[in-house]
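Enquirer: Numbering (the working numbering), first residue to last: 1345 to 1995.
Submitted below is the structure of interest, expressed as structure tokens.
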RNA sequence: GCCUACGUAGCUCAGUGGUAGAGCACUUCCUUGGUAAGGAAGAGGUCGCCGGUUCAAUCCCGGCCGUAGGCUCCA
């Protein structure tokens, strides 16, 4: 047998007999490595660790702790779970079971449902199969062999998948014990590699994600290469729940829902009202600086307005049904643009009036499907930080970039750094269906958006097929504490609707032109943005957003008079201040203030009352000692005005 | 909208086929305490709503409403 040279990632080389497997290479390096190896890459191609190496190769061994190895581990655990489910429910059908971020799932077509108690049963079965340490072997099949194999096994979903696989693609199956699954791989060498896993939840999921198809049973689970990593992940999930805006929003009395009002219709409590005011103040300041006019429009409109805009045709089922007023159909507005177009149209425009920028915290109503509702993040009534910019083509780049700049200004103020900017483009296949049928305008607009973004140095990823029906859009994606993805801010280019509304301006040469419209909502809606902020700050708002900025805590009732005079003084100075008058010990008052996440505690005992000072305790910082009242007020006023970031536990 | 689970005091949650309990919060009283819980008493619930089974339902069954985890959708 010939010898081959294996080059490892550190560029060191080793010589082996031809036919050696990556797993054997790992073994020759160390038994610990061999034990932890779940997959390999051979000349850059991710492969099973059991594939024999025939020629000189670059080899990278992946343990379950690497990104690639973890994904393989997740995927193999999905197979293990499917094997367990087949063992427990022989009549069930397997469908698909991929790895997703830190988790895997598998969808089953099964009589009845899988309950939470069943999860334990499945998990036990999985432990048993893992202990058997079954070899996992790959086999490549022809199309016909594959179809026959899965037909014989009665797996009709698998047959359906194979029939749709590209004819030129290789088909492979993985076997472990009596379980065979159609799979591209790679997989762990044997089931014994899978040790530290947990099944997390069950749910329904449509076959192929199509709501017209059968509802399958989905089981989610996770796996890690060490028990510690698994525990860390489970702890992380627990911690995330503590930051959930639904939990914090209730505890901090920011908003509530009431059955009699209706689902998805949030009621803002006084604390939420304070946050809304602060955000609107910020928006007003910044929009004024960027040359916006503020407008107001009603919550209702005749249906003909939405016929003209095209919304009624495309979104009727997610609008509240029409109400009959004097025999005419009216709708509550699902968005502000048509009203704003009418504001533009209220007077003739010349190029001198452009760019015409109008902004409104407009209240919109959308009949979101009941299963969609999610705390404040997905609601049926919302106040959007909306604005529409009408400009000429030649102004477009500058205007578009100015909007992007505004996003970034805001993100800096809020310390938002974990987000993804997505440029959503149209799919030419859907022209005339999902999208307005203007192929050339689409290409032209998308190109100018890309150029503007590149010019402005804005990083983005392109997503085909996700555009708005009237033009491309930039979305800012963020994630909730429990990992749900949301579009926080959006910025859309509209080259079509102004035409439908006959919006025009007279250019320098006296010719009538149609303006381009930019829709933008950098602060999203109050609902979604505040939901996001609650989680982003973990309930610890910066001073300028904090519903209660300072609380006066008298050490005993002996200093209550001084405390009351301070409260008046603080409020007069514009600080949102409360006073804890309960006949409690100072420790208890401090504890309550900490639980309420109040950033500034002003502690006054007899010493402070005599010296006309205050003792300051700041959240996450602690006791700051006594200072003059005027000095504290000055500090707080500055901090408020500058919209400083909050102190964090890490600081 | 679909699948599954859940719904008991303001909050977090026990509990039972014979009309309900804890802790925290709240009110009052005692305590006047110096940087994360002082003590006592009191008040507070048509057990989500409607119907059925039963001598009797908060508990069992059905429907509805709401919430949660997903799926699908998101101008």
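All C-beta atoms, glycine included, are put in the ideal place defined by N, C-alpha and C.
What is the residue span of the alpha helix (DSSP H) that residue 1402 lies within?
Expert: Careful: residue 1402 lies outside any alpha helix (DSSP H), inside the beta strand (DSSP E) at 1401-1407.
Enquirer: Using only CA atoms, which one of 1767, 1628, 1664, 1715 lies nearest to residue 1705?
Expert: That would be 1628, whose Cα lies nearest to the Cα of residue 1705.
Enquirer: Of the residues 1868, 1670, 1606, 1731, which one's Cα is nearest the Cα of residue 1714?
Expert: Nearest option by C-alpha distance: 1606.
Enquirer: Tell me whether the beta-carbon of residue 1919 lies closer than 8 Å to the beta-carbon of residue 1893.
Expert: Yes, the Cβ-Cβ distance between residue 1919 and residue 1893 is below 8 Å.
Enquirer: Apply the 10 Å Cβ neighbour rule to residue 1288 and answer buried if 16 or more other Cβ atoms are within range, or exposed otherwise.
Expert: In the structure as shown, the chain starts at 1345 and stops at 1995, and residue 1288 therefore has no counterpart that could be examined.
Enquirer: Could you tell me the distance, in whole angstroms, from the CA atom of residue 1492 to the CA atom of residue 1535?
Expert: Rounded to the nearest angstrom, the two C-alpha atoms are 26 Å apart.
Enquirer: DSSP puts residue 1972 in a beta bridge; with which residues?
Expert: 1957.
Enquirer: Please classify residue 1894: does DSSP put it in a helix, a strand, or coil?
Expert: Residue 1894 falls in the strand class under three-state DSSP.
Enquirer: With DSSP as the reference, please indicate the residues paired to residue 1735 in a beta bridge.
Expert: Answer is 1860, bridged to residue 1735.
Enquirer: Do residue 1849 and residue 1689 have their beta-carbon atoms positioned less than 8 Å apart in this structure?
Expert: No, Cβ-Cβ distance for residue 1689 and residue 1849 is not below 8 Å.
Enquirer: Please work out which residues of its chain come closer than 6 Å, Cβ to Cβ, to residue 1770, disregarding the five sequence neighbours upstream and downstream, and give them in chain order.
Expert: Closer than 6 Å at the Cβ level, and outside the excluded window around residue 1770, lie 1779, 1786, 1811.
Enquirer: When you compare each of 1646, 1871, 1796 to residue 1748 by their alpha carbons, which one comes out closest?
Expert: Of the candidates 1646, 1871, 1796, the one whose C-alpha sits nearest the C-alpha of residue 1748 is 1796.
Enquirer: Cutting at 6 Å between CB atoms, please list the residues of its own chain near residue 1365, excluding the five before and the five after it.
Expert: Here the set comprises 1394, 1396.
Enquirer: Taking residue 1682 as part of the alpha helix (DSSP H), name the residues at either end of that continuous run.
Expert: Its alpha helix (DSSP H) spans residues 1681-1688.
Enquirer: Among all the DSSP beta bridges, which residues are the ones paired with residue 2053?
Expert: There is simply no residue 2053 to check, as the chain begins at 1345 and stops at 1995 in what is shown.
Enquirer: Under a Cβ-count criterion, where at least 16 other Cβ atoms within 10 Å of its own Cβ denotes burial, should residue 1988 be classed as buried or exposed?
Expert: Classification for residue 1988: exposed.
Enquirer: Check whether the Cβ atoms of residue 1966 and residue 1959 sit closer than 8 Å, and answer yes or no.
Expert: No. Outside cutoff.
Enquirer: Under 8 Å by Cβ, that's how I've got residue 1682 and residue 1717 pegged, so tell me the actual separation to the nearest angstrom.
Expert: At roughly 25 Å, the Cβ-Cβ gap does not stay under 8 Å, so residue 1682 and residue 1717 are not in contact.
Enquirer: If you check the beta carbons only, do residue 1416 and residue 1383 fall under 8 Å apart?
Expert: Cβ distance < 8 Å, so residue 1416 and residue 1383 count as in contact.
Enquirer: Would you mind listing the beta strand (DSSP E) stretches within the segment 1872-1929 that are 3+ residues and don't spill past its ends, in chain order?
Expert: Runs found: 1894-1898, 1921-1923.
Enquirer: Report buried or exposed for residue 1732, applying the criterion of at least 16 other Cβ atoms within 10 angstroms of its Cβ.
Expert: Buried.
Enquirer: Exposed or buried, residue 1993, counting other C-beta atoms within 10 Å across all chains shown (16 or more means buried)?
Expert: Caution is warranted here: a pLDDT of 48 is assigned to residue 1993, below 50, making its placement in the model unreliable, and the coordinate value is therefore given only provisionally. Result: exposed.
Enquirer: What does the alpha-carbon distance come out to for the pair residue 1924 and residue 1941?
Expert: Answer to the nearest angstrom: the Cα atoms are 14 Å apart.
Enquirer: Which residue from 1446, 1437, 1873 puts its Cα closest to that of residue 1523?
Expert: When only C-alpha atoms are compared, the closest one is 1437.
Enquirer: Report the rounded CA-to-CA distance for residue 1447 versus residue 1412, giving the unit in angstroms.
Expert: Cα-Cα distance, rounded: 13 Å.
Enquirer: If you compare alpha carbons, which of 1702, 1710, 1926 is closest to residue 1636?
Expert: When each option's Cα is compared against that of residue 1636, the closest is 1702.
Enquirer: Nearest-angstrom Cα distance between residue 1453 and residue 1766?
Expert: Approximately 35 Å, taken between the alpha carbons.
Enquirer: Excluding the 5 residues flanking residue 1977 on each side, which residues of the same chain have their C-beta closer than 8 Å to its C-beta?
Expert: Closer than 8 Å at the Cβ level, and outside the excluded window around residue 1977, lie 1913, 1914, 1917, 1919.
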